[in-house]
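Student: Numbering-wise (the numbering used here), the sequence shown opens with residue 4 and increments by one. No residue lacks a Cβ here, since even glycine has one placed at the ideal position from N, Cα and C. Here you go, one structure.
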Amino acid sequence: MTSPHEKLAELGLTLPEVVPPVAAYVPAVQSGNYVYISGQLPVAGGELLATGKVGAEVTAEKARELARQCGLNVLAAIDALVGLEYVVKVVKVVGFVASTPGFTGQPTVVNGASELFGEVFGEAGRHARSAVGVAELPLDAPVEVEAIVEVATA
Numbered sequence: 004m005t006s007p008h009e010k011l012a013e014l015g016l017t018l019p020e021v022v023p024p025v026a027a028y029v030p031a032v033q034s035g036n037y038v039y040i041s042g043q044l045p046v047a048g049g050e051l052l053a054t055g056k057v058g059a060e061v062t063a064e065k066a067r068e069l070a071r072q073c074g075l076n077v078l079a080a081i082d083a084l085v086g087l088e089y090v091v092k093v094v095k096v097v098g099f100v101a102s103t104p105g106f107t108g109q110p111t112v113v114n115g116a117s118e119l120f121g122e123v124f125g126e127a128g129r130h131a132r133s134a135v136g137v138a139e140l141p142l143d144a145p146v147e148v149e150a151i152v153e154v155a156t157a
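Shown next as structure tokens:
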């Protein structure tokens with residue numbers, strides 16, 4: 004059985020540092036067997052990778068890549084709190100897409116994160132999900148992803 008860290012290495016990915024909160028919250032919190040991960044923006048190396056609306060300044064294809072980075076940041080927050088090896092199931096993912104009026108491709112954009120979770124956790128990465136178009140996101144980010152995962156207790 005391949006561990007999540009081994010799977011990430013196979014994919015050529017490394018976990019980034021946990022993105023520091025931009026307000027009064029923590030990146031992730033555990034309650035019982037569940038970890039709730041705060042909304043993660045497409046940040047890498049301390050920098051927001053893009054700004055603007057999907058359907059205008061940001062293409063749907065680019066936004067999907069950004070959602071994948073958000074997903075990687077979700078994984079980093081989980082790993083820092085409890086360790087990826089304790090993930091039993093990705094339960095719920097919510098993706099927010101700052102979109103222009105008339106843009107309806109939010110589900111395809113959020114697939115960037117959803118597919119990452121499937122690649123890393125296999126069947127345990129399949130989850131319930133919402134993909135929501137919004138007018139604005141923090142720091143003018145095009146995408147934000149949050150998640151709830153079930154973890155094994157030690």
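Alpha carbon to alpha carbon, how far is F99 from V146?
Tutor: Position 96 of the sequence shown, counted from the start, is the residue given in the question as residue 99. Position 143 of the sequence shown, counted from the start, is the residue given in the question as residue 146. Straight-line Cα distance between these residues: approximately 6 Å.
Student: Based on the DSSP output, what are the partners of Y37 in its beta bridges?
Tutor: Residue 37 sits at position 34 when you count from the first residue of the sequence shown. S34, E153, per the DSSP bridge assignment.
Student: Less than 9 Å separating the beta-carbons of V112 and I151?
Tutor: Working through the sequence shown from its first residue, we reach residue 112 at position 109. Working through the sequence shown from its first residue, we reach residue 151 at position 148. Cβ atoms of V112 and I151: not closer than 9 Å.
Student: Would you mind reading off the limits of the beta strand (DSSP E) that contains G136?
Tutor: Numbered from 1 along the sequence shown, position 133 holds the residue referred to as residue 136. Residues 131-137.
Student: What is the rounded straight-line gap between the Cα of E118 and the Cα of R71?
Tutor: As a position in the sequence shown, residue 118 is number 115, starting the count at 1. As a position in the sequence shown, residue 71 is number 68, starting the count at 1. Near 8 Å, if we compare the C-alpha coordinates of R71 and E118.
Student: May I ask which residues mark the beginning and end of the beta strand (DSSP E) holding K92?
Tutor: Sequence index remark: in the sequence shown, residue 92 carries index 89 (1-based). Per DSSP, K92 belongs to the beta strand (DSSP E) from 90-101.
Student: Taking C-alpha atoms, which residue in F120, G105, V32 lies nearest to A80?
Tutor: Residue mapping note: residue 80 aligns to position 77 of the sequence shown, counting from 1. Here the closest residue by C-alpha is V32.
Student: Jot down the residue ranges of each uninterrupted alpha helix (DSSP H) in the region 58-94, minimum 4 residues, whole runs only, in chain order.
Tutor: Whole alpha helix (DSSP H) segments, 4+ residues: 63-84.
Student: Measuring alpha carbon to alpha carbon, tell me which of L44, L75, H130, V38 ends up nearest L11.
Tutor: Residue numbering aside, residue 11 sits at position 8 when the sequence shown is read from its first letter. Taking only the C-alpha atoms, the option nearest L11 is L75.
Student: Pick out whichever of A134, A155, V123 has its Cα sitting closest to the Cα of T107.
Tutor: Residue 107 sits at position 104 when you count from the first residue of the sequence shown. Looking at the Cα atoms, A134 is the closest of the given residues.
Student: Assign L44 to one of two classes, buried (16 or more other C-beta atoms within 10 Å of its C-beta) or exposed (fewer than that).
Tutor: Sequence index remark: in the sequence shown, residue 44 carries index 41 (1-based). Buried, since its Cβ has 16 or more Cβ neighbours within 10 Å.
Student: Tell me the DSSP bridge mates of Q2?
Tutor: With the chain represented from 4 up to 157, any question about residue 2 goes unanswered, as that position is not in the structure.
Student: Starting from V113, trace the alpha helix (DSSP H) in both directions and tell me its first and last residue.
Tutor: The count along the sequence shown starts at 1 and reaches residue 113 at position 110. 109-124 is the span of the alpha helix (DSSP H), which, as asked, contains V113.
Student: To the nearest angstrom, how far is the alpha carbon of G48 from that of E20?
Tutor: Here residue 48 refers to the residue found at position 45 when the sequence shown is read from its first residue. Here residue 20 refers to the residue found at position 17 when the sequence shown is read from its first residue. Rounded to the nearest angstrom, the two C-alpha atoms are 8 Å apart.
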